[in-house]
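Reading the sequence shown from the start, the letters are residues 27 to 242 in my numbering. Backbone N, C-alpha and C define an ideal beta-carbon position, used for all residues, glycine too. Fair warning: this is a prediction, and the values are worked out from it, not measured in the lab.
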Amino acid sequence: MILDLHSHSIVSDDGRAKVENYCQWIRRKGLPLDGFVLTEHRLFDDQSDYRALEDEFGLLILKASEVETDYGHVLVFGVNEDLQAALDFSRVDLSLARVMEETARWGAVAVPCHPGRVRVGMCAHIESRGAVENVRIVETLNGGSRRDENAAALALAQGNDYYRTGGSDSHIVSHIGRCATRFPSDIASMDGLMAELVAGRCEAVALENQEWTSQN
């Protein structure tokens, strides 16, 4: 199963894509994508219900968040009321150590994203301040990152035995599915997604000529 684990809709302050338009684009272009996760910036979208779109387009649409920490941006999967009470998602200076602690406490999964980017990625912060404990998974393929930034992310993962994910980081419709994550089993819910991530049953892939290629 192939899921784009990093995307933004108009719910994000810099997103320009409607979720329905993502679905239409995927089907119109024949993208080999089974679904995507909406990781809105500094918030969790409690209100939107995408089940009708899932049924219409035959896609899995899940909701998560992208928070901002002292070590860069982090995707948070499995957001619930307890986690929202523990962390102020709107802040731009959350402690990564605390994000890792609270997500583990409340049954969520945290994945530092685009770690190879300057300022908003984890690599540069590790070089200057040291590593943060309890990181187990990182995004190593990001559709909005440069080749060298993704290479730095891969080196980080290889050097620390982190599990790897991929996502487009799309903010406009035509970018959805540029990068994604491949899973060996079907996934039907956020709980199922988190189980695969925690077990490391995930692989970062990029879309080239309508075919998925693994990151080496």
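Cβ pair Ala-178, Cys-205 closer than 8 Å:
Numbered from 1 along the sequence shown, position 152 holds the residue referred to as residue 178. Numbered from 1 along the sequence shown, position 179 holds the residue referred to as residue 205. Going by C-beta atoms, Ala-178 is not nearer than 8 Å to Cys-205.
With a CB to CB cut of under 6 Å and the five nearest residues on each side skipped, what residues in its chain are close to Val-63?
Your numbering for residue 63 matches position 37 in the sequence shown. Answer for Val-63: Leu-31, Leu-88, Ala-90, listed in chain order.
If you draw a straight line from the alpha carbon of Val-100 to that of Arg-54, how long is it in whole angstroms?
Here the question's residue 100 lines up with position 74 in the sequence shown. Here the question's residue 54 lines up with position 28 in the sequence shown. Using only the alpha carbons, I get a separation of about 31 Å.
Segment contact, 8 Å Cβ cut-off, at least three pairs: the stretch 192–208 with the stretch 36–47
yes
Do Ser-253 and Thr-65 have their CB atoms nearer than 8 Å?
The requested residue 253 does not occur in the structure, where the chain is confined to residues 27 to 242.
Using the C-alpha atoms, what's the distance from Asp-96 back to Ser-154?
Your numbering for residue 154 matches position 128 in the sequence shown. Your numbering for residue 96 matches position 70 in the sequence shown. Their Cα atoms are separated by approximately 12 Å.
Just the Cα atoms here: how many angstroms apart are Asp-174 and Cys-139?
Working through the sequence shown from its first residue, we reach residue 174 at position 148. Working through the sequence shown from its first residue, we reach residue 139 at position 113. Going by the C-alpha atoms only, they are around 15 Å apart.
Of the residues Tyr-188, Pro-58, Ala-78, the one placed nearest Val-45, counting alpha carbons only
Counted from its first residue, the sequence shown places residue 45 at position 19. The shortest C-alpha separation from Val-45 is found at Ala-78.
Ignore the nearest five residues each way along the sequence and tell me which others in Trp-132's own chain have a CB closer than 7 Å to its CB.
As a working mapping, residue 132 is identified with position 106 in the sequence shown. So the qualifying residues of the chain are Asn-106, Asp-108, Leu-109, Ala-112.
Return the CA-CA distance between Leu-233 and Thr-239, expressed in angstroms with no decimal places.
The residue labelled residue 233 in the question sits at position 207 within the sequence shown. The residue labelled residue 239 in the question sits at position 213 within the sequence shown. Computed Cα separation, rounded: 6 Å.
Does the beta-carbon of Glu-237 have 16 or more other beta-carbons within 10 angstroms, so that it is buried, or is it exposed?
Here residue 237 is taken as the residue at index 211 of the sequence shown, counted from 1. Exposed, because fewer than 16 other Cβ atoms sit within 10 Å of the Cβ of Glu-237.
Which of helix, strand or coil does DSSP assign to Val-125?
Your numbering for residue 125 matches position 99 in the sequence shown. Correct three-state label for Val-125: helix.
Only counting the same chain, and skipping five residues up and downstream in sequence, which positions put a Cβ closer than 6 Å to that of Leu-182?
For the purposes of this step, residue 182 is taken as the residue at position 156 of the sequence shown. Contacts found: Pro-141, Cys-149.
Cβ pair Leu-167, Leu-86 closer than 8 Å
Translated into positions along the sequence shown, residue 167 becomes position 141. Translated into positions along the sequence shown, residue 86 becomes position 60. Cβ distance not < 8 Å, so Leu-167 and Leu-86 don't count as in contact.
Could you spell out where the alpha helix (DSSP H) holding Phe-14 opens and where it closes?
Nothing can be reported for residue 14: it is not among the residues displayed for the chain, which extend from 27 to 242.
If we count the other Cβ atoms within 10 Å of its Cβ and call it buried at 16 or more, is Val-144 buried or exposed?
In the sequence shown, counting from the first residue as 1, residue 144 sits at position 118. By the 10 Å Cβ count, Val-144 comes out exposed.
Could you pull out every residue in the same chain whose Cβ sits closer than 7 Å to the Cβ of Met-220, ignoring the five residues on either side in sequence?
Here the question's residue 220 lines up with position 194 in the sequence shown. Phe-103, Gly-104, Val-135, listed in sequence order.
From the DSSP secondary-structure annotation, give me the bridge partner or partners of Ile-52.
Within the sequence shown, residue 52 is the residue found at index 26, counting from 1. Looking at the DSSP assignment, Ile-52 forms no beta bridge with any residue, so it has no partner.
Hey, could you find the ends of the beta strand (DSSP E) Phe-62 is sitting in?
Residue numbering aside, residue 62 sits at position 36 when the sequence shown is read from its first letter. Its beta strand (DSSP E) spans residues 61–67.
For the beta strand (DSSP E) that contains Ser-240, what are its first and last residues?
The residue labelled residue 240 in the question sits at position 214 within the sequence shown. Unbroken beta strand (DSSP E) run through Ser-240: 237–240.
For Ala-130, which option in Asn-235, Ser-35, Glu-229, Val-224 has the closest C-alpha, if you only look at C-alpha atoms?
Against the sequence shown, residue 130 aligns to sequence position 104. The candidate whose alpha carbon is nearest that of Ala-130 is Val-224.
Give, in chain order, every unbroken run of the beta strand (DSSP E) that is at least 3 residues long and sits entirely within the stretch 98–150.
98–103, 135–138
Can you tell me where the alpha helix (DSSP H) holding Asn-176 begins and where it ends?
To locate residue 176, count along the sequence shown from 1; it is residue 150. Element bounds for Asn-176: 173–186.
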